[in-house]
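Enquirer: Quick one: the structure is below, and I'll ask about it shortly.
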Amino acid sequence: MIVVGLTGGIGSGKTTVAGFFKVHDIPIYIADVEAKQLMVRSKVIKRKLIALFGEDAYDDGELNRPFIASKIFNDKNLLDQMNAIVHPKVAAHFKRWLKKQEGPYVIKEAAIIFEHQNENQYDFIITVTANVEERIKRVMHRDSSNRSKIEAIISNQMSDEEKIEKSHFVIVNDNLEDTKKQVQQTHLALLKAIKKLKN
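Residues in the sequence shown are numbered from 1 upward in steps of one, following this note's numbering.
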């Protein structure tokens, strides 16, 4: 099965773009959503996260996201330790999911493909970009977060220019109607590229 990575910085609109691919009957795997669900479902992850963060990591059996976010925000070591617990489980879950899928290709949406040097796990990579001001507004609206916090996250992420250089396709998500057209074009280009691969 051909695996297409879909990535982009915070607020670029990866999930919106993934939804437009779904219209073309392409199976979509959102790594962040699955990770959050596994952090609640998996007893192993739960136990390890409590050992790492303490009892406050969970509140009434649910993941205490604000608490964890505050812990990892300025502590890269803690973030790396959390990722080392969660990411292997997500990767295993994705492999099981992949076996059940049908279609010309699947899309795996993941924010940090390049940051973790995971490019080799994908046949093609699409980067979603958007105007920085628009990205900040989206995240402020979505997460009720403040501007300086979002700007700090953006400055810590790999730049769009670097991501674009490493990608096979780019979708500029500044205007929804235009984004839909770009998804359609990218879908057709992917089908063509996959056909070439198989010949």
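The beta carbon of each residue, even a glycine, is placed where N, CA and C say it ideally should be.
Please read these numbers as outputs of a predicted model, since none were measured by experiment.
So, are the CB atoms of Gly-9 and Asp-160 less than 8 Å apart?
Expert: Against a cut-off of 8 Å, the Cβ pair of Asp-160 and Gly-9 comes out as a contact.
Enquirer: Under the rule that 16 or more other beta-carbon atoms within 10 Å means buried, what is Glu-109, buried or exposed?
Expert: With 16 or more Cβ atoms within 10 Å of its Cβ, Glu-109 is classed as buried.
Enquirer: Count the other CB atoms, across all protein chains shown, that sit within 10 Å of the CB of Gly-11; report buried if there are 16 or more and exposed otherwise.
Expert: The residue is buried, with at least 16 neighbouring Cβ atoms inside 10 Å.
Enquirer: Could you please give the first and the last residue of the uninterrupted alpha helix (DSSP H) stretch that includes Phe-53?
Expert: Its alpha helix (DSSP H) spans residues 43-53.
Enquirer: Taking the CB atoms as reference points, tell me whether Gln-182 and Ile-171 lie closer together than 8 Å.
Expert: In this structure, Ile-171 lies closer than 8 Å to Gln-182 by Cβ.
Enquirer: Write down the C-beta distance between Arg-147 and Ile-164 rounded to the nearest angstrom, noting that I regard them as a contact closer than 8 Å.
Expert: Not a contact, Cβ separation roughly 25 Å.
Enquirer: Could you spell out where the alpha helix (DSSP H) holding Lys-76 opens and where it closes?
Expert: 76-99 is the extent of the alpha helix (DSSP H) around Lys-76.
Enquirer: Name the two residues that bound the continuous alpha helix (DSSP H) containing Gly-19.
Expert: Here the alpha helix (DSSP H) through Gly-19 covers 14-22.
Enquirer: Which runs of the beta strand (DSSP E), 3 residues or longer, sit entirely within the stretch 116-164?
Expert: Taking only runs of at least 3 residues, the beta strand (DSSP E) segments lying wholly in the stretch 116-164 are 124-129.
Enquirer: What do you get for His-187, buried or exposed, if any count of 16 or more other CB atoms within 10 angstroms of its CB means buried?
Expert: Buried, by the Cβ-count rule.
Enquirer: Check whether the Cβ atoms of Ile-45 and Tyr-58 lie closer than 8 Å to each other.
Expert: No, the pair does not count as a contact, with Cβ atoms beyond the cut-off.
Enquirer: Look at the alpha carbon of Arg-142 and the alpha carbon of Gly-13, and state the distance between them as a whole number of angstroms.
Expert: Computed Cα separation, rounded: 11 Å.
Enquirer: Closest to Ile-112 by C-alpha separation, out of Phe-169, His-87, Lys-99 and Asn-131, would be which residue?
Expert: The shortest C-alpha separation from Ile-112 is found at His-87.
Enquirer: So the candidates are Gln-37, Lys-71 and Asp-60; which of them puts its Cα closest to the Cα of Phe-53?
Expert: Considering only alpha carbons, the answer is Lys-71.
Enquirer: Hey, could you find the ends of the beta strand (DSSP E) Glu-177 is sitting in?
Expert: Here Glu-177 belongs to no beta strand (DSSP E); instead the alpha helix (DSSP H) covers 176-198.
Enquirer: Could you have a look at Asp-59 and say whether DSSP puts it in helix, strand or coil?
Expert: Note: Asp-59 maps to strand in three-state DSSP.
Enquirer: Have a look at the DSSP bridge pairing and note the partners of Gly-8.
Expert: Bridge partners of Gly-8: Val-128.
Enquirer: What is the DSSP secondary structure of Phe-169, counted as helix, strand or coil?
Expert: Of the three classes helix, strand and coil, the one that applies to Phe-169 here is strand, per DSSP.
Enquirer: What residue range does the alpha helix (DSSP H) around Ile-28 cover?
Expert: No alpha helix (DSSP H) holds Ile-28; the beta strand (DSSP E) holding it covers 28-30.
Enquirer: Here's a check: name, in chain order, each residue in its chain whose Cβ is nearer than 8 Å to the Cβ of Lys-48, leaving out the five neighbours to either side.
Expert: So the list reads Ile-85, once near-sequence residues are dropped.
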